[in-house]
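A quick write-up on the structure given underneath.
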Amino acid sequence: MIVNVQFWSFFKELAGCDRSSFNVSPGTTVGQLQDLIAARFPKLSGLRGSTLVAVGVDYQPAHHVLSENDLISIFPPVQGG
Amino acid sequence: MIVNVQFWSFFKELAGCDRSSFNVSPGTTVGQLQDLIAARFPKLSGLRGSTLVAVGVDYQPAHHVLSENDLISIFPPVQGG
Amino acid sequence: MRRQLSIGSELIDEAVLIARRDASHGIGAALCFSGLVRGSEDSVQIGGIEYEAFSEMATHQFHRLFDELERRWPMIESVRLVHRVGWVPVGESSLWLEVLSPHRAESFAAGQWLIDEMKRVVPIWKRIQKG
Amino acid sequence: MRRQLSIGSELIDEAVLIARRDASHGIGAALCFSGLVRGSEDSVQIGGIEYEAFSEMATHQFHRLFDELERRWPMIESVRLVHRVGWVPVGESSLWLEVLSPHRAESFAAGQWLIDEMKRVVPIWKRIQKG
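Residue numbers (the numbering used here), protein chains in the order written: chain B, 17 to 97; chain V, 17 to 97; chain W, 2 to 132; chain A, 2 to 132.
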């Protein structure tokens, strides 16, 4: 199934793009998708400890199971205000 | 020596006046003046535990020694804001 | 620390006070608090509050608090405080406070501290007027 | 609780926002906080900050925070929050918040809590621009 990943803030520069699609097996979790992202975008792999992950408009933990056509957002700590 | 006492807020109503003068001996303290005030204005005597006392524009404790022509202010807890 | 204190009977116009703000480029936090007269006190409807101040002592005590505030939070650049006295109708402001500081935390801490201390030592009293 | 949220690139005009305040007679406390862009970050002079927001998620997260704020402080009558995005020059406001409540304590507590939580979960980021 296809899921879409979008990057925010300086993660865009590190990834070299705004968005990327992944073809994953049903049952794939957020954590497993992060492994795939790290493999495709090595510059992001070292920042995994401080990376925030949302599916749609909600944060999700590593064990969250993805669905077809999910939009996953990957970004550094937020800095509003 | 003469010292002057002024009342604020509802202490004016309880005293029945805004100001009053007392002829006291040199060395008289705030606490001793409060005894004289309580004797002259019995409606204030029961409120002594919550009465605030200033000499000029500063709060003073019971042991503070008064000077000639001091202006002593006697009032209930403040309620600004 | 710049300080501006006003104790008087004029309407507190917060929009005007804010339009007059003078903040340096070191300021990251502007905290304003407005205390409004509520329509009831102890469940009784009121029309407003009459505030009485011992102005000379109130001014002195406010400046003592500003001195202490400056000692506690030396980074704070400016404090402006307006306390209205006389008749203040329901819905209008009796107190307005602004704290300008580099960072947020000290603006909140200093603002709360100043109002708490004011309510302890500044000789201003209320007289509730039934509505 | 009334809520008003705006995330956009327009100048934050605090005086206009305050002039539009709509407070019932139950309100005794109006707390406003304005976050201004400072002239330096980490001792380096800057000209301003570029704010980027993931707007859809930011809106959703702000409303989750408003829900939680309402659970924690049910007496609060109104929260208005404006976050500017895009280029914000030094000296201008990037964030404005107003909390209206019957009493002072909860307005300060809720205001601080909301800003702390915003800085933890609302997807908005800064890009410093050298001056």
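Backbone N, C-alpha and C fix where the C-beta goes; we use that ideal spot for every residue, glycine too.
| Asked | Found |
| --- | --- |
| Using a Cβ-Cβ distance cut-off of 9 Å, determine whether ALA59 (chain W) contacts chain V. | yes |
| Could you compute how far the alpha carbon of ARG35 (chain V) sits from the alpha carbon of GLY112 (chain W)? | 35 Å |
| Whole angstroms is fine: what's the gap from PRO93 (chain B)'s alpha carbon to SER94 (chain W)'s? | 40 Å |
| Please state the DSSP three-state secondary structure of ILE84 (chain A). | According to the sequence shown, residue 84 (chain A) is His rather than Ile. It is a strand residue. |
| Quick one: what's got a C-beta closer than 8 Å to GLU69 (chain A)'s C-beta in the same chain, skipping five residues either side? | GLU118 |
| Could you pull out every residue in the same chain whose Cβ sits closer than 6 Å to the Cβ of GLY36 (chain A), ignoring the five residues on either side in sequence? | SER95 and LEU96 |
| List the residues of chain A that PHE63 (chain W) touches, going by C-beta distances under 7 Å, in chain order. | Simply none; closest approach about 18 Å. |
| How about SER7 (chain W) and HIS61 (chain W): are their beta carbons less than 9 Å apart? | no |
| For GLN48 (chain B), which three-state DSSP category applies? | helix |
| Look at LEU115 (chain A) and CYS33 (chain A) and say whether their C-beta atoms are less than 9 Å apart. | no |
| To the nearest angstrom, how far is it from the Cα of ASN85 (chain B) to the Cα of VAL73 (chain B)? | 14 Å |
| So ILE19 (chain W) is in the alpha helix (DSSP H); what residue range does that whole segment cover? | 15–20 |
| If VAL91 (chain W) sits next to ILE47 (chain W), beta carbons under 8 Å apart, how far is it from one beta carbon to the other, in whole angstroms? | 7 Å |
| Using the three-state DSSP reduction, which class does GLU71 (chain W) fall into: helix, strand or coil? | helix |
| In the structure shown, what three-state DSSP assignment does VAL122 (chain A) receive? | helix |
| Closer than 8 Å by C-beta to GLU15 (chain A): which residues in its own chain qualify, once you throw out the five before and the five after it? Chain order, please. | CYS33, SER35, SER94 and TRP97 |
| Just list the residues that DSSP pairs ASP74 (chain V) with in beta bridges. | V:VAL71 |
| Give the interface partners of ALA31 (chain B) over in chain A, defined as CB-CB distance under 9 Å, in chain order. | None at all; the shortest Cβ gap to chain A is about 15 Å. |
| Excluding the 5 residues flanking SER24 (chain V) on each side, which residues of the same chain have their C-beta closer than 7 Å to its C-beta? | Here residue 24 (chain V) is Trp; the residue named in the question, Ser, does not match the sequence. Taken in chain order, the residues that qualify are SER89 and PHE91. |
| Does GLY30 (chain A) come out as helix, strand or coil in the three-state DSSP assignment? | Inspection of the sequence shows that residue 30 (chain A) is occupied by Ala rather than by Gly. The answer is strand: DSSP assigns ALA30 (chain A) an E or B state. |
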